[in-house]
Amino acid sequence: MSKIVPLSSQPETAIERLLDAAFGPDRHGRTAYRIRDGMPWLPSLSFAVIDDAGVLIGSLQCWPVALTRNDGTQIPLIMVGPVAVDPAHQRDGHGRAMMDAVVAAARAQATEPLMMIGDPEYYGRFWGFDAQGTDGWDAPGPFERRRLLALSVDDSMVGGVGMLSPRIVVPA
Numbered sequence: 001m002s003k004i005v006p007l008s009s010q011p012e013t014a015i016e017r018l019l020d021a022a023f024g025p026d027r028h029g030r031t032a033y034r035i036r037d038g039m040p041w042l043p044s045l046s047f048a049v050i051d052d053a054g055v056l057i058g059s060l061q062c063w064p065v066a067l068t069r070n071d072g073t074q075i076p077l078i079m080v081g082p083v084a085v086d087p088a089h090q091r092d093g094h095g096r097a098m099m100d101a102v103v104a105a106a107r108a109q110a111t112e113p114l115m116m117i118g119d120p121e122y123y124g125r126f127w128g129f130d131a132q133g134t135d136g137w138d139a140p141g142p143f144e145r146r147r148l149l150a151l152s153v154d155d156s157m158v159g160g161v162g163m164l165s166p167r168i169v170v171p172a
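Printed below as a string of structure tokens:
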């Protein structure tokens, strides 16, 4: 029986192998990678699925990103993805279970709104992600506007105008 564990419990090399198997080694040029460039993933919102033998078969990472306005100010967001499942274990519900865990954790932690580049029919049906409020968003690479999705974890409005980008971290 598989189980969900913190992604931080898994070796980075195993995570990278899984991402290569799920998306190919050329995945680093995608728009999502540009949006989160240089940011560390968030351990409290990143999950793994391991099988009975403790082998990594799924991972879901979340990242601190922002909508950067023309004046340089940022609206903090959390980017969900990639959702990766070993090809031999796809269609077994592992991706959906990790998404359930992320949305529940984000709500429990009262995080910033979640955003992703994904299929609105799928992510909308199960978790409520939609493109409402994202029409003013731009991204640093090719994207389909209808696939820029957001989910408020506290029912507040999500919106704004600007470029999706890494979040500027101000030292404390």
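With my numbering, letter number 30 in the sequence shown gets 30, and the count goes up by one each step, no holes. The beta-carbon is built from N, C-alpha and C at its ideal position, and this holds for glycine as well.
- Residue 63: member of the beta strand (DSSP E) spanning 56–68, first to last residue.
- Using a 10 angstroms sphere on the CB of residue 38, the tally of other CB atoms stays under 16, which defines it as exposed.
- In the DSSP assignment, residue 45 is bridged to no other residue.
- When DSSP assignments are scanned along the region 4–39, the uninterrupted stretches of alpha helix (DSSP H) that are 4 or more residues long and fall wholly within it turn out to be 12–23 and 31–35.
- In the DSSP annotation of this structure, the continuous segment of the alpha helix (DSSP H) that includes residue 124 starts and ends at 120–127.
- DSSP, reduced to helix, strand and coil, places residue 162 within a strand of the structure shown.
- Rounded to the nearest angstrom, the Cβ distance from residue 65 to residue 164 is 6 Å, consistent with a contact under 8 Å.
- Closest by C-alpha distance to residue 62, out of 114, 11, 107 and 150, is 114.
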